[in-house]
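Colleague: Next up is a structure, given as structure tokens.
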Amino acid sequence: MQENEIRERIEQVKKKIEEAAKKSGRNAEDITLIAVTKTVEVPAILQALQCGIKAVGENRVQELCRKHQQIEHDVDWHLIGHLQTNKIKQVLPFANLIHSVDSLHLLDALEKEALTQNRDVKILLQVNVSGEESKFGISPNQAMNFAECVAGKQKIQLCGLMTVPPPVAQPYENKPYFAKLKQLAFQIEQEHYQHVNMDILSMGMSGDYTAAIEEGATMVRVGTSIFGARIYAANQQ
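Shown next, in the form of structure tokens:
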């Protein structure tokens, strides 16, 4: 894909973000656009950065680390895919925010490695608001207990919530899930736990990010609408 095509796609996405933000009484500047670079190689990522992208989201730890080392721009790197405990040591030096923390076991492992590296770690709690068995994420009724556990950690900062709703034919169909996540964030915020704030709602992807913004998203994770349909290598199927 040529740079001018990526530029046009980014401009279209930003325009839709602005329109959706207005509907929810906010400014486009209130929403962070994360360019999802799963299967996207460095040249295309560099083109996106030249077109104003400032945050990049990767699904796989090894890809985030590899691309981080190849790209010298000032970029915020987000791990948005599932994190295994054996990859924590590798990813902590490179990820500005981990979106996909979904268990107390993973939280404990993150704290242990963060103490070892003497590194403050910012995370989001991934919540399975749709209840799909195929999706990662903690159940909504366990989220408050998770936040309470974060309060007892030294190196972990819980900065908000993330969700991946089911694929839908129309963006508005996921609005109830987005609204549920926002309400859950409000409930957690009221408890004023130490090391916990709910400043970030990471919800909405290429198919439904406008609906997510209308329901309060502060981060949207957009890949296909920027880079086109993904092309998978044989080892990434």
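Per the working numbering, residue 640 is the first one in the sequence shown, and the count goes up by one each step.
Glycine included, every Cβ here is placed at the ideal spot set by N, Cα and C.
#1: To which residues of the same chain is residue 703 closer than 7 Å at the C-beta, ignoring the five residues directly before and after it?
#2: Taking only three categories from DSSP, how would you classify residue 679?
#3: Is it buried or exposed, residue 873, if we count other Cβ atoms within 10 angstroms and call 16 or more buried?
#4: Give a yes or no on contact between the stretch 651–659 and the stretch 841–859, applying the rule of three or more CB pairs nearer than 8 Å.
#5: Under three-state DSSP, which class holds residue 642?
#6: In the DSSP assignment, find the unbroken beta strand (DSSP E) run with residue 838 in it and report its ends.
#7: At the 8 Å Cβ level, is residue 787 part of the contact set with chain B, yes or no?
#8: Enumerate in chain order the residues of its own chain whose CB-to-CB distance from residue 855 is below 6 Å, with the five nearest sequence positions on each side excluded.
#9: Secondary structure at residue 829, three-state DSSP: helix, strand or coil?
#10: So which of 706, 865, 784, 815 has the shortest CA-CA distance to residue 827?
#11: If I follow the unbroken alpha helix (DSSP H) through residue 769, where does it start and stop?
#12: Just to confirm the assignment: which complete alpha helix (DSSP H) runs, minimum length 4, are found wholly within the stretch 704–747?
#13: In whole angstroms, what is the alpha-carbon distance linking residue 666 and residue 853?
#14: Tell me, to the nearest whole angstrom, how far the beta carbon of residue 675 is from that of residue 710; I am working on the premise that it is less than 8 Å.
#15: Given a threshold of 16 other Cβ atoms within 10 Å of its Cβ, counted over all protein chains shown, does residue 806 qualify as buried or as exposed?
#16: Could you give the distance in angstroms between the alpha-carbon of residue 824 and the alpha-carbon of residue 781?
#17: Since residue 798 is in the beta strand (DSSP E), which residue starts that stretch and which ends it?
#18: Return the Cβ separation of residue 786 and residue 814 in integer angstroms, given the expectation that the two are a contact with Cβ distance under 8 Å.
#19: Kindly indicate which three-state DSSP category residue 858 falls into: helix, strand or coil?
#20: Applying the 10 Å Cβ sphere with the 16-neighbour rule, what's the burial state of residue 750?
#21: Whole angstroms are fine: how far does the CA of residue 699 sit from the CA of residue 720?
#22: Do residue 763 and residue 746 have their C-beta atoms closer together than 8 Å?
#23: From the DSSP output, read off the bridge partner residues of residue 696.
Modeller: By the coordinates alone:
#1: Translated into the one-based positions of the sequence shown, residue 703 becomes position 64. Closer than 7 Å at Cβ, skipping near neighbours: 697, 716, 718, 730, 733, 734.
#2: To locate residue 679, count along the sequence shown from 1; it is residue 40. Reduced to three states, the DSSP call for residue 679 is coil.
#3: Here residue 873 corresponds to residue number 234 of the sequence shown, with the count starting at 1. Low per-residue confidence applies at residue 873: pLDDT is 46, beneath 50, and the placement is therefore not dependable, though the value from the model is reported in the following sentence. By the 10 Å Cβ count, residue 873 comes out exposed.
#4: yes
#5: The count along the sequence shown starts at 1 and reaches residue 642 at position 3. Correct three-state label for residue 642: helix.
#6: Residue 838 sits at position 199 when you count from the first residue of the sequence shown. Where residue 838 is concerned, the enclosing beta strand (DSSP E) stretches over 835–841.
#7: Looking for chain B here will not work: only one protein chain is present.
#8: The count along the sequence shown starts at 1 and reaches residue 855 at position 216. The answer, listed in chain order, is 821, 840.
#9: The residue given as residue 829 occupies position 190 in the sequence shown. DSSP places residue 829 in coil when its eight states are reduced to three.
#10: Here residue 827 refers to the residue found at position 188 when the sequence shown is read from its first residue. Cα-wise, what sits closest to residue 827 is 784.
#11: In the sequence shown, the residue the question calls residue 769 occupies position 130. Counting along the chain, residue 769 falls outside any alpha helix (DSSP H), and DSSP gives it neither H nor E.
#12: 727–730
#13: Stepping through the sequence shown from its first residue, residue 666 is reached at position 27. Stepping through the sequence shown from its first residue, residue 853 is reached at position 214. Going from the Cα of residue 666 to the Cα of residue 853 covers about 11 Å.
#14: Start at 1 with the first residue of the sequence shown, and residue 675 comes out as number 36. Start at 1 with the first residue of the sequence shown, and residue 710 comes out as number 71. Actually they do not touch by this definition, with Cβ atoms about 15 Å apart.
#15: For the purposes of this step, residue 806 is identified with residue 167 of the sequence shown, where counting begins at 1. The residue is exposed, with fewer than 16 neighbouring Cβ atoms inside 10 Å.
#16: As a first step, residue 824 is located in the sequence shown; it is residue number 185 there, counting from the start. As a first step, residue 781 is located in the sequence shown; it is residue number 142 there, counting from the start. Using only the alpha carbons, I get a separation of about 13 Å.
#17: Reading the sequence shown from its first residue, position 159 is the one you call residue 798. Residue 798 -> beta strand (DSSP E) spans 795–801.
#18: One-based indexing of the sequence shown puts residue 786 at position 147. One-based indexing of the sequence shown puts residue 814 at position 175. In fact, because the Cβ distance is near 24 Å, the residues do not count as touching under 8 Å.
#19: Translated into the one-based positions of the sequence shown, residue 858 becomes position 219. The answer is strand: DSSP assigns residue 858 an E or B state.
#20: Translated into the one-based positions of the sequence shown, residue 750 becomes position 111. Residue 750 should be labelled buried.
#21: Start at 1 with the first residue of the sequence shown, and residue 720 comes out as number 81. Start at 1 with the first residue of the sequence shown, and residue 699 comes out as number 60. Straight-line Cα distance between these residues: approximately 6 Å.
#22: Within the sequence shown, the letter at position 124 stands for residue 763. Within the sequence shown, the letter at position 107 stands for residue 746. Contact: no.
#23: As a working note, residue 696 is residue 57 in the sequence shown. Bridge partners of residue 696: 675, 717.
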